[in-house]
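S.K.: Questions regarding the structure given below will be posed in turn.
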């Protein structure tokens, strides 16, 4: 059975989100991207991203860095954390990441990619994974070279987003090169990009032959998509959760956010997740925009939980 992975998304796939997704059928959930500059690991932001990682059934951290030295330092620190794997990010298209030549910017320098991956593999006590894109732009889609090189240096799993860095998240994801990579490699290959429904998941797996899928934006406001995809793959009837089940899942998610971040930050972080739930589930309310506007005004965890319960009224 193909594996379903919660695709790392900075500011989104925190511990509460990962826990909810795992409870809704995801097989693995990878941490938000963490800088390889270990001197920053004591910062409040990074500590929040590392919080509760040890409580997950599968403990995989994603790191990003622009040089061999910083990657080695980060990997050696990861060796002390009792993790199951480390994923190297070479796919993030964000300007602030690419401007320091990390993330997908590394695809412009294949030799540096090789050096970083080789260093990570040689210094790590656990498997090294890679997440990347098709290439920097339409004229330089070098994923076939990158993929084969990654396997050759010892990377044990590869996830490919079906866009170039230049595309960001615009246009449609393309899976042709992912299919070619899968045909050439023996390590697990995961397809990523625009997996937003059980039918799409089935079609992408059928076309690419991939070993699994990374699901990112498709799970926002709909973490039960993982269960639905598994139903589709097992030739079972795909059903939509009823409103009572949705409210139960949403309530648990928001409660976990409050607990993880505590009241002040938790209330604020809960707002964006509630906005996604309302936008993606028209059965919850008449107007997602108006309901979200009311939710944003709530200032306590109790008032947010009560508000969610009142959606059933």
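Residue numbers (this note's numbering): 1124 to 1436.
Cβ coordinates follow ideal geometry from the N, Cα and C atoms, glycine included.
Any C-beta of chain C sitting closer than 8 Å to the C-beta of residue 1237?
M.R.: In the structure shown, chain C cannot be found, because there is only a single protein chain.
S.K.: Assign residue 1274 to one of three DSSP states: helix, strand, or coil.
M.R.: Note: residue 1274 maps to helix in three-state DSSP.
S.K.: Would you identify the three-state DSSP class for residue 1363, choosing helix, strand or coil?
M.R.: Coil at residue 1363, not helix or strand.
S.K.: If you run the structure through DSSP and keep just helix, strand and coil, what is residue 1252?
M.R.: Three-state result, residue 1252: strand.
S.K.: For residue 1221, count neighbouring Cβ atoms within 10 angstroms of its own Cβ and tell me buried if that reaches 16, exposed if not.
M.R.: Because the pLDDT at residue 1221 is just 48, under 50, the model does not fix this residue reliably, and the point stays unresolved.
S.K.: Which residue marks the beginning of the alpha helix (DSSP H) containing residue 1429, and which one marks its end?
M.R.: Here the alpha helix (DSSP H) through residue 1429 covers 1424-1433.
S.K.: To the nearest whole angstrom, what separates the beta carbons of residue 1249 and residue 1194, a pair I think is in contact under 8 Å?
M.R.: Their Cβ separation, rounded to whole angstroms, is 14 Å, which puts residue 1249 and residue 1194 out of contact at 8 Å.
S.K.: Any idea which residues DSSP pairs residue 1282 with across the strands?
M.R.: Per DSSP, 1254 and 1313.
S.K.: What number of angstroms, rounded off, separates the C-alpha of residue 1387 from the C-alpha of residue 1423?
M.R.: Using only the alpha carbons, I get a separation of about 8 Å.
S.K.: Within its chain, find whatever has a CB closer than 6 Å to the CB of residue 1132; leave out the 5 residues flanking it on each side and keep chain order.
M.R.: Closer than 6 Å at the Cβ level, and outside the excluded window around residue 1132, lie 1339.
S.K.: Let me know the secondary structure DSSP gives residue 1231 once reduced to three states.
M.R.: Residue 1231: helix per DSSP, three-state reduction.
S.K.: Determine which residues share a DSSP beta bridge with residue 1210 and list them.
M.R.: Note: residue 1210 sits in a beta bridge opposite 1185 and 1252.
S.K.: Find out if the Cβ-Cβ distance for the pair residue 1266, residue 1257 is shorter than 8 Å.
M.R.: Their beta carbons are under 8 Å apart, which means residue 1266 touches residue 1257 by this criterion.
S.K.: By the 10 Å Cβ neighbour count, where 16 or more other Cβ atoms means buried, how is residue 1353 classified, buried or exposed?
M.R.: Its Cβ being crowded by 16 or more others within 10 Å, residue 1353 is buried.
S.K.: If you draw a straight line from the C-alpha of residue 1137 to the C-alpha of residue 1228, how long is it?
M.R.: Straight-line Cα distance between these residues: approximately 24 Å.
S.K.: Alpha carbon to alpha carbon, how far is residue 1139 from residue 1374? Give it in angstroms, no decimals.
M.R.: Looking at the two C-alpha atoms, the distance is approximately 12 Å.
S.K.: Under the rule that 16 or more other beta-carbon atoms within 10 Å means buried, what is residue 1346, buried or exposed?
M.R.: Its Cβ being crowded by 16 or more others within 10 Å, residue 1346 is buried.
S.K.: Is it buried or exposed for residue 1292, if we count other Cβ within 10 angstroms and need 16 for buried?
M.R.: It counts as exposed.
S.K.: How is residue 1262 classed by DSSP in three states: helix, strand or coil?
M.R.: Coil.
S.K.: To which residues does DSSP link residue 1389 through a beta bridge?
M.R.: DSSP lists no partner for residue 1389.
S.K.: Tell me whether the beta-carbon of residue 1153 lies closer than 8 Å to the beta-carbon of residue 1186.
M.R.: Not a contact, by the Cβ cut-off of 8 Å.
S.K.: CA-CA distance, residue 1372 and residue 1144?
M.R.: Rounded to the nearest angstrom, the two C-alpha atoms are 10 Å apart.
S.K.: In whole angstroms, give me the CA-to-CA distance for residue 1224 and residue 1231.
M.R.: Any reading at residue 1224 is ruled out, since the residue's pLDDT is 48, under 50, leaving its predicted position unreliable.
S.K.: In three-state DSSP terms, what is residue 1344?
M.R.: Residue 1344 falls in the coil class under three-state DSSP.
S.K.: Residues in its own chain within less than 6 Å of residue 1148 by CB, not counting five upstream and five downstream?
M.R.: Closer than 6 Å at Cβ, skipping near neighbours: 1349, 1350 and 1353.
S.K.: Can you name, in chain order, every residue of its own chain whose Cβ lies under 6 Å from the Cβ of residue 1289, other than the five neighbours on each side?
M.R.: Within the same chain, residue 1289 has close Cβ partners 1260.
S.K.: Report whether the distance from the Cβ of residue 1135 to the nearest heavy atom of the ligand NAP is below 7 Å.
M.R.: In the structure shown, the ligand NAP is absent, as is every other ligand, since no ligand is present at all.
S.K.: To the nearest angstrom, how far is the alpha carbon of residue 1262 from that of residue 1287?
M.R.: In a straight line, the C-alpha of residue 1262 is about 10 Å away from that of residue 1287.
S.K.: Using the three-state DSSP reduction, which class does residue 1240 fall into: helix, strand or coil?
M.R.: In the structure shown, residue 1240 sits in a helix (DSSP, three-state: H, G or I).
S.K.: Residues in the same chain with beta-carbon distance under 7 Å from residue 1401, minus the five sequence neighbours each way, listed in chain order, please.
M.R.: Once the five neighbours on either side are set aside, the close Cβ partners of residue 1401 are 1407, 1408, 1411, 1414 and 1415.
S.K.: Could you check how far apart the C-beta atoms of residue 1344 and residue 1318 are, in whole angstroms? I think they sit under 8 Å.
M.R.: Incorrect: roughly 15 Å between the Cβ atoms, too far for contact.
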